[in-house]
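Undergrad:
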Amino acid sequence: MSGRLAQVLAETAEQAPPVPSPDDLWRRGRHRRRRRQTAAALACLLLVAALAWSPVRSRTALEFAGPGADVLPSEVLPSEVAEPHLWQRTFHGDPNGPVKLTFTTGHSLNLETALVLIGDDGSYRLDYLSPGEEPGVLSPNGRWLLGQNMTDLTTGDTRKLDRALSGITPAVWAPDSRTAVGVIGDDTGTSYGPDGQEIDGPAPEIVLVDVASGFTRTILRSPDTSRWRAAFSPDGGRLAVFSAAPGHAPRVLIIDTHGGEQPREITLTDRQQLAGPAAWTPDGSRILLTAGDTCAWADLCQEQTWHPQRLDAATGTIADDTARGLRGYPTVVAWRDGEPIAQQTRDGHDGCETVTVTATGARTLPLAVAGGGCADYARDLLETGALGGPGIGPSPWQAQWWAYLPAAVLLLVLVQVVRVIVRRRTQVGVPGMPPANGRPEPAGSPESEA
Numbered sequence: 001m002s003g004r005l006a007q008v009l010a011e012t013a014e015q016a017p018p019v020p021s022p023d024d025l026w027r028r029g030r031h032r033r034r035r036r037q038t039a040a041a042l043a044c045l046l047l048v049a050a051l052a053w054s055p056v057r058s059r060t061a062l063e064f065a066g067p068g069a070d071v072l073p074s075e076v077l078p079s080e081v082a083e084p085h086l087w088q089r090t091f092h093g094d095p096n097g098p099v100k101l102t103f104t105t106g107h108s109l110n111l112e113t114a115l116v117l118i119g120d121d122g123s124y125r126l127d128y129l130s131p132g133e134e135p136g137v138l139s140p141n142g143r144w145l146l147g148q149n150m151t152d153l154t155t156g157d158t159r160k161l162d163r164a165l166s167g168i169t170p171a172v173w174a175p176d177s178r179t180a181v182g183v184i185g186d187d188t189g190t191s192y193g194p195d196g197q198e199i200d201g202p203a204p205e206i207v208l209v210d211v212a213s214g215f216t217r218t219i220l221r222s223p224d225t226s227r228w229r230a231a232f233s234p235d236g237g238r239l240a241v242f243s244a245a246p247g248h249a250p251r252v253l254i255i256d257t258h259g260g261e262q263p264r265e266i267t268l269t270d271r272q273q274l275a276g277p278a279a280w281t282p283d284g285s286r287i288l289l290t291a292g293d294t295c296a297w298a299d300l301c302q303e304q305t306w307h308p309q310r311l312d313a314a315t316g317t318i319a320d321d322t323a324r325g326l327r328g329y330p331t332v333v334a335w336r337d338g339e340p341i342a343q344q345t346r347d348g349h350d351g352c353e354t355v356t357v358t359a360t361g362a363r364t365l366p367l368a369v370a371g372g373g374c375a376d377y378a379r380d381l382l383e384t385g386a387l388g389g390p391g392i393g394p395s396p397w398q399a400q401w402w403a404y405l406p407a408a409v410l411l412l413v414l415v416q417v418v419r420v421i422v423r424r425r426t427q428v429g430v431p432g433m434p435p436a437n438g439r440p441e442p443a444g445s446p447e448s449e450a
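Written out as structure tokens, the structure is:
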């Protein structure tokens, strides 16, 4: 080798990076292997979590509709709806509207009544109510919730009305979801003067609510709203208002919502009342009444039975339907295939039954909801959607943010356990594998010779 070549090789060797020691190479390889193992374990756990997160919503329409049927999950009402989890995500933190239905529950963290909102995709949200706050009424299209003010269920924003409703007497929606009627100044108690005499305050106002503007317009003053009911005609142009003031016979007023005609009054008996918010027949010619067979509606007698009647909106005449002996306290909430849909409760019986009133009786619909009282269904879906789809329950992963903290801690613990197990299996019982300290034994040592 010439002197020049030796010099070049020496200079190149000096400039080259040092060769890592065997110990360093082993340490780097071990760290790289651990990172890969940790990443693989984490990916497996995330996959399991993802599979657990999407259990209910994706199968609703497919299982119910059958092969070839063109039914979207948002067009199906489930046969059963379970209670929410205690850690369920809140509505105001993450709105899920439009919604299919709402119902109240005591299954909440504060042990008070909360409102459960079921979205079109089957998602659950909780709205914790303040003491004494009423849950509000769902619009027919499932977008709005009207209590004292109006809540947009798609954004979570609250639209203030120019005058807040009382909220105690539930509002009633027009079929097009553009107008509602409510009460301002409920007569909820008696006021007394300094000498103990009763003082009559101003009578409660029945007002129309315009959804677009939030303005209210008084159409009637009623001396008593404890048994107040109302129903819009299918075109929204007329309103039937039922009231039963103490000392006066119950009555139904038919009001032109545009103010062009004088109200028409029909006197009823104490065993008759407006059937509910969907009392008008689909053709707008008649108004459905419910007539008690056992006692007056105000008496709340045991085992009340009833039958439907039809009030002619033009002449005021009343005719009985053929169905008889229906049990419970009904409210007509929709029409389907020309037949009224009623929700019924009964004294001494838990739950709420949803039925179709036929010419011969009542047919129970496959709709059951947990919680207390009757569910509030989006009327559009109740009338035109598919009924009796697969039951749904809350996803455990639709939780409030703080509920993810213990899950994150558990995930980290599982990852660490997997790392330890994999590390021990690769280091114990494998010929030529370095000991657990990660350093190979020096040559000539008893351990290496062995």
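For the sequence shown, position 300 matches number 300 in the UniProt record's numbering, and the numbering has no gaps at all.
Glycine residues also receive a C-beta, built at the ideal position from the N, C-alpha and C atoms.
No experiment lies behind these values; they were computed from the predicted model shown.
Quick check on the DSSP output: the beta strand (DSSP E) that includes residue 380 runs from which residue to which?
TA: Here residue 380 refers to the residue found at position 380 when the sequence shown is read from its first residue. Run containing residue 380: none in the beta strand (DSSP E); it sits in the alpha helix (DSSP H), 379-384.
Undergrad: For residue 447 and residue 10, what's the separation of their Cα atoms in angstroms?
TA: Start at 1 with the first residue of the sequence shown, and residue 447 comes out as number 447. Start at 1 with the first residue of the sequence shown, and residue 10 comes out as number 10. Legend: pLDDT at residue 447 = 46, less than 50; position of this residue unreliable, no value from coordinates given.
Undergrad: Cα-Cα, which of 126, 157, 234 and 308 is closest to residue 177?
TA: In the sequence shown, counting from the first residue as 1, residue 177 sits at position 177. When only C-alpha atoms are compared, the closest one is 234.
Undergrad: Which word fits residue 455, buried or exposed, when buried means at least 16 other C-beta atoms lie within 10 angstroms of its C-beta?
TA: For residue 455 there is no data in the structure shown, the boundaries of the chain being 1 and 450.
Undergrad: Which value, in whole angstroms, describes the spacing of the CA atoms of residue 156 and residue 90?
TA: Along the sequence shown, read from residue 1 onward, the residue named residue 156 stands at position 156. Along the sequence shown, read from residue 1 onward, the residue named residue 90 stands at position 90. Going from the Cα of residue 156 to the Cα of residue 90 covers about 11 Å.
Undergrad: For the beta strand (DSSP E) holding residue 307, just list the boundary residues, first then last.
TA: Taking the sequence shown and counting its residues from 1, the one referred to as residue 307 is at position 307. Start and end: 305-312.
Undergrad: What are the start and end residues of each continuous beta strand (DSSP E) run of 3 or more residues lying completely inside the region 120-183, in chain order?
TA: The region 120-183 contains these whole beta strand (DSSP E) runs: 124-128, 144-146 and 150-152.
Undergrad: Starting from residue 346, follow the beta strand (DSSP E) in both directions and report where the run begins and ends.
TA: Working through the sequence shown from its first residue, we reach residue 346 at position 346. Premise fails: residue 346 is in no beta strand (DSSP E) and is neither H nor E.
Undergrad: Rounded to whole angstroms, what's the CA-CA distance from residue 174 to residue 210? Just pull it up for me.
TA: Taking the first residue of the sequence shown as 1, we reach residue 174 at position 174. Taking the first residue of the sequence shown as 1, we reach residue 210 at position 210. If you take the alpha carbons of residue 174 and residue 210, they lie about 10 Å apart.
Undergrad: Please state the DSSP three-state secondary structure of residue 300.
TA: Counted from its first residue, the sequence shown places residue 300 at position 300. Here residue 300 sits in coil by DSSP.
Undergrad: Helix or strand or just coil, what does DSSP make of residue 425?
TA: Against the sequence shown, residue 425 aligns to sequence position 425. Note: residue 425 maps to helix in three-state DSSP.
Undergrad: I need the straight-line Cα distance from residue 376 to residue 368, nearest angstrom please.
TA: Counting from 1 along the sequence shown, the entry for residue 376 is found at position 376. Counting from 1 along the sequence shown, the entry for residue 368 is found at position 368. Rounded to whole angstroms, residue 376 to residue 368 spans 12 Å at the Cα level.
Undergrad: Going by DSSP, what residues sit across from residue 280 in a beta bridge?
TA: For the purposes of this step, residue 280 is taken as the residue at position 280 of the sequence shown. In DSSP, residue 280 forms a bridge with 287.
Undergrad: Buried or exposed: where does residue 160 fall if 16 or more other Cβ atoms within 10 Å of its Cβ makes it buried?
TA: Within the sequence shown, numbered from 1, the residue matching residue 160 stands at position 160. The residue in question, residue 160, is exposed, as its Cβ has fewer than 16 Cβ neighbours within 10 Å.
Undergrad: Confirm, please, whether the CB-CB distance from residue 240 to residue 227 is below 7 Å.
TA: Residue 227 sits at position 227 when you count from the first residue of the sequence shown. Residue 240 sits at position 240 when you count from the first residue of the sequence shown. Not in contact: residue 227 and residue 240 (Cβ atoms no closer than 7 Å).
Undergrad: Compute the distance between the beta-carbons of residue 185 and residue 204, then report whether it is under 7 Å.
TA: Here residue 185 refers to the residue found at position 185 of the sequence shown. Here residue 204 refers to the residue found at position 204 of the sequence shown. Yes. Within cutoff.
Undergrad: Please name the residue, chosen from 36, 5 and 79, that lies closest to residue 390 on a Cα-to-Cα basis.
TA: Locating residue 390 in the sequence shown gives position 390, counting from the first residue. Nearest option by C-alpha distance: 79.
Undergrad: To the nearest angstrom, how far is it from the Cα of residue 55 to the Cα of residue 395?
TA: Here residue 55 refers to the residue found at position 55 when the sequence shown is read from its first residue. Here residue 395 refers to the residue found at position 395 when the sequence shown is read from its first residue. With a pLDDT of only 40 at residue 55, under the threshold of 50, the placement of this residue in the model should not be trusted; the figure read from the coordinates follows. The alpha-carbon atoms of residue 55 and residue 395 are separated by roughly 7 Å.
Undergrad: When you compare only the Cα positions, how much space is there between residue 317 and residue 92?
TA: Numbered from its first residue, the sequence shown carries residue 317 at position 317. Numbered from its first residue, the sequence shown carries residue 92 at position 92. Going by the C-alpha atoms only, they are around 48 Å apart.
Undergrad: Please return the same chain residues whose Cβ sits closer than 8 Å to the Cβ of residue 340, not counting the five positions on each side in sequence.
TA: Residue numbering aside, residue 340 sits at position 340 when the sequence shown is read from its first letter. Closer than 8 Å at Cβ, skipping near neighbours: 275, 278, 288, 308, 332, 334, 356 and 357.
Undergrad: So, at 6 Å on beta carbons, what are the nonlocal neighbours of residue 388 in its own chain, with the 5 sequence-adjacent residues on each side left out?
TA: As a working mapping, residue 388 is identified with position 388 in the sequence shown. The residues are 79 and 366.
Undergrad: Just how far apart, CA to CA, sit residue 74 and residue 384?
TA: Position 74 of the sequence shown, counting from 1, holds the residue named residue 74. Position 384 of the sequence shown, counting from 1, holds the residue named residue 384. When rounded, the distance between both Cα atoms is 12 Å.
Undergrad: Just reading off the beta strand (DSSP E) that residue 464 is part of, what are its end residues?
TA: This structure gives no information on residue 464, because the portion of the chain shown stretches from 1 to 450.
Undergrad: What are the boundary residues of the beta strand (DSSP E) that includes residue 101?
TA: Within the sequence shown, numbered from 1, the residue matching residue 101 stands at position 101. From DSSP, the beta strand (DSSP E) with residue 101 extends over 99-105.
Undergrad: Please classify residue 297 as buried or exposed, where buried requires at least 16 other C-beta atoms within 10 Å of its C-beta.
TA: Position 297 of the sequence shown, counting from 1, holds the residue named residue 297. Residue 297 is buried by the Cβ-count criterion.
Undergrad: Evaluate residue 215 with the Cβ neighbour count: other Cβ atoms within 10 Å of its Cβ, from every protein chain shown; 16 or more gives buried, anything less gives exposed.
TA: If you number the sequence shown from 1, residue 215 lands on position 215. Residue 215 should be labelled exposed.
Undergrad: Quick one: any contact between the region 133-149 and the region 97-105, if contact means 3 or more CB pairs under 8 Å?
TA: The answer is yes - the region 97-105 touches the region 133-149, with three or more Cβ pairs under 8 Å.
Undergrad: What does the alpha-carbon distance come out to for the pair residue 293 and residue 359?
TA: In the sequence shown, counting from the first residue as 1, residue 293 sits at position 293. In the sequence shown, counting from the first residue as 1, residue 359 sits at position 359. Taking the straight line from one Cα to the other gives about 17 Å.
Undergrad: How many angstroms separate the CA atom of residue 225 from the CA atom of residue 119?
TA: Position 225 of the sequence shown, counted from the first residue, corresponds to residue 225. Position 119 of the sequence shown, counted from the first residue, corresponds to residue 119. Cα-Cα distance, rounded: 32 Å.
Undergrad: Once DSSP output is grouped into helix, strand and coil, what is the label at residue 59?
TA: Against the sequence shown, residue 59 aligns to sequence position 59. Bear in mind that a pLDDT of 36 at residue 59, under 50, signals an unreliable position, so the number given afterwards is only what the model happens to contain. The answer is helix: DSSP assigns residue 59 an H, G or I state.
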